[in-house]
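My numbering numbers the first residue of the sequence shown as 920 and each following residue consecutively. Using N, Cα and C, we set each Cβ at its ideal position, and we do this for glycine too. Every value quoted in this text rests on a predicted model; they were computed, and no experiment measured them.
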Amino acid sequence: MKFQQRIAAVEDELVKDLEDKKQLIGELLGVDALHVESKNLRESLHVANDKVVASERRVAELGSEVDQCVGELREQRGDIKSYKIDISMLEELVRDLKMLLEGKQACMEEAQADALTARVEIARLSEENQRFQWEVVDVADMNQRLAADRAWLVTQGQGLFLEESPCYDPTTEAWMTKATLALGAADHSLLSCLENSPNFPVADLEALTAIVDPTTPGP
920 MKFQQRIAAV EDELVKDLED KKQLIGELLG VDALHVESKN LRESLHVAND KVVASERRVA
980 ELGSEVDQCV GELREQRGDI KSYKIDISML EELVRDLKML LEGKQACMEE AQADALTARV
1040 EIARLSEENQ RFQWEVVDVA DMNQRLAADR AWLVTQGQGL FLEESPCYDP TTEAWMTKAT
1100 LALGAADHSL LSCLENSPNF PVADLEALTA IVDPTTPGP
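What follows is the structure, given as structure tokens:
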């Protein structure tokens, strides 16, 4: 509006100047020529005024667009703040997960160490089991030999001479002597293993103990 008022004031001044010029031109060239020039100037002023009005409308539209952009920027600023809060929460969550993973890694390393210890223990127990199996085989073989020797001792207890026994075997006699000496030096653990063996009767163990006991009188 101020711009239009200014244009109107300028227009009035121009009209006034034109009137003065009209008077001057009327004096020089005539009133008709001055009237035509004044009309052209008025038309030019109207065109300029229309352009000014259109410019003001465009300025108003641009102002509205600027206000809209400012509102969108404010919303985006709020979204950015929300994103920053979410990022902070995610960073904290990542730190917690990292600490948890470190704890899990420590537990895994401890479990791996325990597993290694367990494998070593299993290998040791496997070797010990294999040794026990060999001992069981040896004890089973010994059991068979002792059964033959027991038969020989029973025969000898019946008053037969050694050479007259059907179970007499010089090799067995020599082995029995070595076995007797070995069993005499055996510790309690071996006798316990023999006692707990399902393939070795308790009666045979008692007879064997009586055989290797030097305090037991002969038949």
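For residue i and residue j, what's the separation of their Cα atoms in angstroms?
| i | j | result |
| --- | --- | --- |
| Q1024 | V1039 | 22 angstroms |
| P1136 | L1035 | No answer about P1136 holds up, because its pLDDT of 44 lies below 50 and its placement is not dependable. |
| Q1063 | R1043 | 30 angstroms |
| Q1052 | M1061 | 14 angstroms |
| E1028 | G1022 | 10 angstroms |
| K958 | V985 | 40 angstroms |
| D931 | D939 | 12 angstroms |
| D998 | E991 | 10 angstroms |
| K1000 | V971 | 43 angstroms |
| P1138 | A1070 | Its pLDDT being 43, under 50, P1138 is placed unreliably by the model, and the measurement read from it follows with that caveat. If I take the Cα positions, the gap works out to 14 angstroms. |
| E962 | Q995 | 49 angstroms |
| A979 | D969 | 15 angstroms |
Can you say whether residue i is buried or exposed, counting buried as having 16 or more other CB atoms within 10 angstroms of its CB?
| i | result |
| --- | --- |
| L1019 | exposed |
| L1009 | exposed |
| L1016 | exposed |
| L1065 | buried |
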